[in-house]
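Engineer:
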Amino acid sequence: MDEALKHELGRQGVIATTMQELYNWSRRSSLWPLNFGLACCAIEMIATTMARYDLARFGAEVFRPSPRQADLMIVSGTITKKMAPQIVRLYNQMPEPKYVISMGACAISGGPFKQGYNVLKGIDRYIPVDIYIPGCPPRPEALLEGFIELQKKIDGQPLTGDDRPRHLNAAEPSEFLIPKFGEHDLEPSKNPAVWHPPLINISLADNDESGIA
Amino acid sequence: MNLESLKPEIEANVPGCRLEIISNPSPSAQHSLLIDSEHALAIAIFLRDAPHLRFDYCSNVTGIDWPAPTPAPSKAKETGDAIEEDVENAEALATGHLEVVYHLYSMELKHGPVILRMRTQDRSTRVHLPSLISVWRSVDFQEREVFDLFGVIFDGHPDLRRLLMWDEFTDFPMRRDYVEPDDYEYEPTAHDKVLLKTMQHQGGTA
Amino acid sequence: MSALAEFPSAAHLTPSADGDSQLLEVSMGPQHPSTHGVFRMDVVLDGETVVKLKPIFGYLHRNHEKIAEDETYLGSMPYTDRLDYFCSLTNNWAYALAVETLAGIQVPERAQYLRIITAELTRLQNHASLVGFLMQDMGASGTPLMYAFREREKILDLFEALTGARMMCNYMRFGGCRVDLPAGWLEQAKQVVAAFPRFLDEYETLLVSNEIIMARTQGVGVLSRELAINAGITGPVLRACGVNYDLRKVDKYGIYDRFSFRIPLGDHGDVYDRYMLRLLEMRESIKILEQAMRDLPEGPFTDPKTKVRNFRPKPGEAYGRIEAPKGELGFYLISDGTPNPYRYRVRPPSLINLTVLEDMCLGRNVADVVIILGSIDIVMGEVDR
Numbered sequence: 306m307d308e309a310l311k312h313e314l315g316r317q318g319v320i321a322t323t324m325q326e327l328y329n330w331s332r333r334s335s336l337w338p339l340n341f342g343l344a345c346c347a348i349e350m351i352a353t354t355m356a357r358y359d360l361a362r363f364g365a366e367v368f369r370p371s372p373r374q375a376d377l378m379i380v381s382g383t384i385t386k387k388m389a390p391q392i393v394r395l396y397n398q399m400p401e402p403k404y405v406i407s408m409g410a411c412a413i414s415g416g417p418f419k420q421g422y423n424v425l426k427g428i429d430r431y432i433p434v435d436i437y438i439p440g441c442p443p444r445p446e447a448l449l450e451g452f453i454e455l456q457k458k459i460d461g462q463p464l465t466g467d468d469r470p471r472h473l474n475a476a477e478p479s480e481f482l483i484p485k486f487g488e489h490d491l492e493p494s495k496n497p498a499v500w501h502p503p504l505i506n507i508s509l510a511d512n513d514e515s516g517i518a
Numbered sequence: 189m190n191l192e193s194l195k196p197e198i199e200a201n202v203p204g205c206r207l208e209i210i211s212n213p214s215p216s217a218q219h220s221l222l223i224d225s226e227h228a229l230a231i232a233i234f235l236r237d238a239p240h241l242r243f244d245y246c247s248n249v250t251g252i253d254w255p256a257p258t259p260a261p262s263k264a265k266e267t268g269d270a271i272e273e274d275v276e277n278a279e280a281l282a283t284g285h286l287e288v289v290y291h292l293y294s295m296e297l298k299h300g301p302v303i304l305r306m307r308t309q310d311r312s313t314r315v316h317l318p319s320l321i322s323v324w325r326s327v328d329f330q331e332r333e334v335f336d337l338f339g340v341i342f343d344g345h346p347d348l349r350r351l352l353m354w355d356e357f358t359d360f361p362m363r364r365d366y367v368e369p370d371d372y373e374y375e376p377t378a379h380d381k382v383l384l385k386t387m388q389h390q391g392g393t394a
Numbered sequence: 021m022s023a024l025a026e027f028p029s030a031a032h033l034t035p036s037a038d039g040d041s042q043l044l045e046v047s048m049g050p051q052h053p054s055t056h057g058v059f060r061m062d063v064v065l066d067g068e069t070v071v072k073l074k075p076i077f078g079y080l081h082r083n084h085e086k087i088a089e090d091e092t093y094l095g096s097m098p099y100t101d102r103l104d105y106f107c108s109l110t111n112n113w114a115y116a117l118a119v120e121t122l123a124g125i126q127v128p129e130r131a132q133y134l135r136i137i138t139a140e141l142t143r144l145q146n147h148a149s150l151v152g153f154l155m156q157d158m159g160a161s162g163t164p165l166m167y168a169f170r171e172r173e174k175i176l177d178l179f180e181a182l183t184g185a186r187m188m189c190n191y192m193r194f195g196g197c198r199v200d201l202p203a204g205w206l207e208q209a210k211q212v213v214a215a216f217p218r219f220l221d222e223y224e225t226l227l228v229s230n231e232i233i234m235a236r237t238q239g240v241g242v243l244s245r246e247l248a249i250n251a252g253i254t255g256p257v258l259r260a261c262g263v264n265y266d267l268r269k270v271d272k273y274g275i276y277d278r279f280s281f282r283i284p285l286g287d288h289g290d291v292y293d294r295y296m297l298r299l300l301e302m303r304e305s306i307k308i309l310e311q312a313m314r315d316l317p318e319g320p321f322t323d324p325k326t327k328v329r330n331f332r333p334k335p336g337e338a339y340g341r342i343e344a345p346k347g348e349l350g351f352y353l354i355s356d357g358t359p360n361p362y363r364y365r366v367r368p369p370s371l372i373n374l375t376v377l378e379d380m381c382l383g384r385n386v387a388d389v390v391i392i393l394g395s396i397d398i399v400m401g402e403v404d405r
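Keeping their order, the protein sequence lines are chains A, B and C.
The opening position of the first sequence corresponds to residue 306 in my numbering, with each subsequent residue numbered one higher.
The opening position of the second sequence corresponds to residue 189 in my numbering, with each subsequent residue numbered one higher.
The opening position of the third sequence corresponds to residue 21 in my numbering, with each subsequent residue numbered one higher.
(1) Alpha helix (DSSP H) containing residue 337/A: first to last residue?
(2) Along chain B, which residues have their Cβ under 8 Å away from the Cβ of residue 383/C?
(3) Note down the Cα distance separating residue 315/C from residue 210/C, rounded to an integer number of angstroms.
(4) Let me check one thing: in DSSP terms, what residues is residue 436/A bridge-paired to?
(5) Could you pull out every residue in the same chain whose Cβ sits closer than 8 Å to the Cβ of residue 236/B, ignoring the five residues on either side in sequence?
(6) So with CB distances below 7 Å, who are the chain C contacts of residue 352/B?
(7) Report all residues from its chain with a CB closer than 6 Å to the CB of residue 44/C; omit the five preceding and five following residues, and keep chain order.
(8) Mind checking the region 89 to 102 of chain C against chain A and listing, in chain order, the residues whose C-beta falls within less than 9 Å of any C-beta there?
(9) Please say whether residue 326/B and residue 246/B have beta carbons closer to each other than 9 Å?
(10) Quick one: list the residues of chain C neighbouring residue 245/B, beta-carbon separation under 7 Å, in chain order.
(11) Whose C-beta lies closer than 8 Å to the C-beta of residue 299/C among residues of the same chain, with five residues either side of it excluded?
(12) Can a CB atom of chain C be found closer than 9 Å to the CB of residue 298/B?
(13) For residue 253/B, would you say it is in contact with chain A, using Cβ-to-Cβ distances shorter than 9 Å as the test?
(14) Report the neighbours of residue 166/C on chain A: residues whose CB is nearer than 8 Å to its CB, in chain order.
(15) Residues of chain A with CB closer than 9 Å to the CB of residue 356/B, please, in chain order.
(16) Using a 10 Å radius around the Cβ and a threshold of 16 neighbouring Cβ atoms, would you call residue 403/A buried or exposed?
(17) Of all Cβ atoms in chain B, is any one closer than 9 Å to the Cβ of residue 371/A?
(18) Can you tell which of 344/B, 337/B and 198/B has its C-alpha closest to the C-alpha of residue 209/B?
(19) Give a yes or no on whether the C-beta atoms belonging to residue 428/C and residue 353/B are separated by under 9 Å.
(20) Under 8 Å by Cβ, that's how I've got residue 316/B and residue 341/B pegged, so tell me the actual separation to the nearest angstrom.
(21) Once DSSP output is grouped into helix, strand and coil, what is the label at residue 195/B?
(22) For a quick check, are the C-beta atoms of residue 190/C and residue 97/C less than 9 Å apart?
(23) So if DSSP puts residue 96/C in a beta bridge, which residue, or which two residues, is it bridged to?
(24) Kindly indicate if chain B contains any beta-carbon less than 9 Å away from that of residue 317/A.
(25) Any C-beta of chain B within less than 7 Å: which residues of the region 120 to 140 of chain C qualify?
(26) Compare the C-beta of residue 465/A against all C-beta atoms of chain C and say whether one is closer than 9 Å.
(27) If we cut at 9 Å on Cβ distances, does residue 364/A have a partner in chain C?
(28) Reducing DSSP to helix, strand and coil, say where residue 393/C ends up.
(29) Using a Cβ-Cβ cut-off of 7 Å (strictly less than) and excluding sequence neighbours within five positions of residue 426/A, which residues of its own chain qualify?
(30) Check the Cβ of residue 420/A against every Cβ in chain C and list those closer than 9 Å, keeping chain order.
(31) On the premise that residue 239/C lies in contact with residue 290/C, defined as a C-beta separation below 8 Å, what is that separation, rounded to the nearest angstrom?
(32) Using a beta-carbon distance below 9 Å, is residue 360/B in contact with chain C?
(33) Using the Cα positions of residue 142/C and residue 176/C, report the straight-line distance between them to the nearest angstrom.
(34) Between which residues of its own chain and residue 479/A is the CB-CB distance below 6 Å, once the five residues before and five after are set aside?
(35) Run through chain B and tell me which residues come within less than 7 Å of residue 371/C, C-beta to C-beta.
(36) Roughly how many angstroms lie between the CA atoms of residue 344/B and residue 127/C, to the nearest whole one?
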């Protein structure tokens, strides 16, 4: 529809929109996060919900304690292998449409504790992540920006077609494999359907003289 | 707390015990007392109840791994699969020992610390030490942690389970010879160990 | 006399089911809005009464001690921030103190004052947040916590101006501090400290005369003196039982013996005492801060003789401890002459204070378990390391 006409109608009190815009606007304006904090980033998440950097004005009005009532899981803090099955289980219990924000360096890739026998190097090994927020811990403003990015992403999701989101596509899974505790490590150590190890250019790294042991 | 005067006092009150003062060469001058495991409980009760000592507060329990001093020929530890201790390594390192260190203070008389050490006989089978939980409740979780991470078995502990790792875990991660499970680590500019691991995963140059 | 016989823990007792009552085993956590982090408790209930309680940790075990064996001494300093992530500056101080004890490093005067100022500010914001979390746990969802976090934000602004980060400050070095105060910091800090007593008065009226809080916290979670000492409890939980043991007065680390402040003690050892004690401790911290900011001398802020690169202390060991807001935080280091420590151990106050959780909760309701856990003041980063 012509933008000028839309604007003119709007001034007369008539709102013209598309189903997609309306649907996405209502979803992104009331994303309710799951009350889920693991470590230090959780404190910054709590600080974001407090009076100074109020997250509620963006729609995250209440943090729901139960996963059945939440749309968004902000994974904030280091994910240990002992905790990973519970996180995947919680994610499976959330109803569609659901989103995951990976907040902090630890949730993205293990963070400063990467060389850990008990640290899972990124939650995206088991569940699909929508937004990554780097930082250790990210400032509350960074979390707000990540939240707004998620809102923009939701705005752009079409209702039909091949790149429609997961919850409108019957072929896509909404529950993911829960790892089990093995003798030395989790089994399986990653979910191949969700995560592919990123390739690096080893030949370039080979020429790096800064110390190969 | 002067260990030179404390040692003969303990020897007088707990007959048969074998003590040794381990001196600390650093400027901290916190010397410790090596006690034998047979009389550990009696020594602990004496230290706690003697009216001029009254060490009623056990502050810290630490486990330490001392592998055998002679270095074993380096087996390739950076293999692709997660083997924690192959048989040859186990035999070479079996002559080391594990050590547990207790820091004692007195809340009533406000002195301290007195540092006690107990050693196991080796790192594989003879790893039993008496639990001091019947003397100080504060060692409850800490002894469980030493069991979890080092493998020292405390006789007399009512609930010796793993504390930090999951129950099905079979290794003792804080030991010096623990090999971590092989996990792909992504770094944009990989170097050193991470580069070696990445090359094994990706199989040569990209 | 066996400590187990005198203070039996129910860990090995099997609950007996009589007649027609059924026992229910509930797993509280690890994801739960009221458990202060990823902490799990397996609670066995007879109706609403707690019969047995088993805490389960390890959900945040990040093997900090193993990483420290690969890092240099200074390289572990940022990791100490992440132990008790509310109070990063006191963690830094405890570690710096342990290394200074190990290597015999002297700290100049100005650095000592700076350390005390930052540590007491940390204590203020930790206790304020904790009282806010208590109210949240008791059901006043959000608003009292917002009051506490409002004050906390003011203090975090000070930390950010001084150290560059709100939470993970990484400020202490072996022999002093990393940077000196920027211009205008001291005036801003004095303003923040001058405005704090008014906030404390506000909070105290909320706590002291509120019927709900009094009914829910008085007589709940009582801890006896003897059990507290035997179980190694330290910090406000111990002092609420009436034991006068505060490391600032006992060890006199830093230059605490130059400041005049009192140690509040509790009478009953219940949850109400622990919270009132923290409010009183905040007032004492304000006294220390006023004195320290008034007497701050000029001079170097770090020891010029200590090497930063290739720092190798002599072989030996040391145990250094401070009075962190949660209790006694100690670091035990063994050095073998190399740049990396041979053994690095953290003595976590939160883990040791949890030893008596079961004893305090037996016979109470499930709702009290949450309150008692909150009053112990645990942070999982410290419990699991």
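Every residue, glycine too, gets a C-beta built ideally from N, C-alpha and C.
Structural biologist: In short, the structure shows the following:
(1) Working through the first sequence from its first residue, we reach residue 337/A at position 32. Taken as a continuous stretch (DSSP letters only), residue 337/A belongs to no alpha helix (DSSP H), as it is neither H nor E.
(2) The residue given as residue 383/C occupies position 363 in the third sequence. None at all; the shortest Cβ gap to chain B is about 19 Å.
(3) Reading the third sequence from its first residue, position 295 is the one you call residue 315/C. Reading the third sequence from its first residue, position 190 is the one you call residue 210/C. In a straight line, the C-alpha of residue 315/C is about 13 Å away from that of residue 210/C.
(4) The residue you call residue 436/A lines up with position 131 of the first sequence. Bridge partners of residue 436/A: 406/A.
(5) Position 48 of the second sequence holds residue 236/B. Within the same chain, residue 236/B has close Cβ partners 242, 243, 244, 323 and 324.
(6) Residue 352/B sits at position 164 when you count from the first residue of the second sequence. Chain C residues near residue 352/B: 77, 78, 81 and 404.
(7) On the third sequence, position 24 is the one that residue 44/C refers to. These residues qualify, in order along the chain: 65.
(8) 90, 98, 99, 101 and 102
(9) Within the second sequence, the letter at position 58 stands for residue 246/B. Within the second sequence, the letter at position 138 stands for residue 326/B. Yes, they are a contact pair.
(10) Here residue 245/B refers to the residue found at position 57 of the second sequence. Near residue 245/B (Cβ distances below 7 Å), the residues of chain C are 249 and 252.
(11) Numbered from 1 along the third sequence, position 279 holds the residue referred to as residue 299/C. So the list reads 147, 151, 220, 223, 224 and 227, once near-sequence residues are dropped.
(12) Residue numbering aside, residue 298/B sits at position 110 when the second sequence is read from its first letter. Yes, because at least one Cβ of chain C sits closer than 9 Å to the Cβ of residue 298/B.
(13) Within the second sequence, the letter at position 65 stands for residue 253/B. It does not; no Cβ of chain A falls within 9 Å.
(14) Taking the first residue of the third sequence as position 1, residue 166/C is located at position 146. Going along chain A in sequence order, the residues near residue 166/C (Cβ under 8 Å) are 355 and 356.
(15) Looking up residue 356/B in the second sequence gives position 168. Residues of chain A passing the Cβ test: 485, 486, 487 and 488.
(16) In the first sequence, residue 403/A corresponds to position 98, counting from 1. Buried, since its Cβ has 16 or more Cβ neighbours within 10 Å.
(17) Numbered from 1 along the first sequence, position 66 holds the residue referred to as residue 371/A. Not one chain B Cβ lies under 9 Å of residue 371/A.
(18) Position 21 of the second sequence, counting from 1, holds the residue named residue 209/B. Comparing Cα-Cα distances from residue 209/B to each of 344/B, 337/B and 198/B, the minimum goes to 198/B.
(19) The structure shown does not extend to residue 428/C, since chain C is modelled only from 21 to 405, so the question has no answer here.
(20) Numbered from 1 along the second sequence, position 128 holds the residue referred to as residue 316/B. Numbered from 1 along the second sequence, position 153 holds the residue referred to as residue 341/B. Indeed, because the Cβ distance is near 5 Å, the residues count as touching under 8 Å.
(21) Locating residue 195/B in the second sequence gives position 7, where the first residue counts as 1. Three-state result, residue 195/B: helix.
(22) In the third sequence, the residue the question calls residue 190/C occupies position 170. In the third sequence, the residue the question calls residue 97/C occupies position 77. Result yes, Cβ atoms of residue 190/C and residue 97/C sit closer than 9 Å.
(23) Counted from its first residue, the third sequence places residue 96/C at position 76. Paired residue(s): none; residue 96/C is not in a bridge.
(24) Your numbering for residue 317/A matches position 12 in the first sequence. Output row for residue 317/A: interface = no.
(25) 121, 122, 123 and 124
(26) Position 160 of the first sequence, counting from 1, holds the residue named residue 465/A. Not closer than 9 Å to any Cβ of chain C, the Cβ of residue 465/A fails to qualify, so no.
(27) As a first step, residue 364/A must be located in the first sequence, where it is residue number 59. No, residue 364/A lies away from the interface with chain C (no Cβ there is under 9 Å from its Cβ).
(28) Working through the third sequence from its first residue, we reach residue 393/C at position 373. Helix, per DSSP.
(29) On the first sequence, position 121 is the one that residue 426/A refers to. Contacts found: 414, 415 and 419.
(30) The sequence position of residue 420/A within the first sequence is 115, counting from 1. Those within 9 Å of residue 420/A in chain C are 83, 86, 87 and 90.
(31) By 1-based counting over the third sequence, the position of residue 290/C is 270. By 1-based counting over the third sequence, the position of residue 239/C is 219. Correct: roughly 6 Å between the Cβ atoms.
(32) Here residue 360/B refers to the residue found at position 172 when the second sequence is read from its first residue. No - not a single Cβ of chain C is within 9 Å of the one on residue 360/B.
(33) In the third sequence, counting from the first residue as 1, residue 142/C sits at position 122. In the third sequence, counting from the first residue as 1, residue 176/C sits at position 156. In a straight line, the C-alpha of residue 142/C is about 9 Å away from that of residue 176/C.
(34) As a working mapping, residue 479/A is identified with position 174 in the first sequence. The answer, listed in chain order, is 401.
(35) As a first step, residue 371/C is located in the third sequence; it is residue number 351 there, counting from the start. Those within 7 Å of residue 371/C in chain B are 329.
(36) Stepping through the second sequence from its first residue, residue 344/B is reached at position 156. Stepping through the third sequence from its first residue, residue 127/C is reached at position 107. Going from the Cα of residue 344/B to the Cα of residue 127/C covers about 45 Å.
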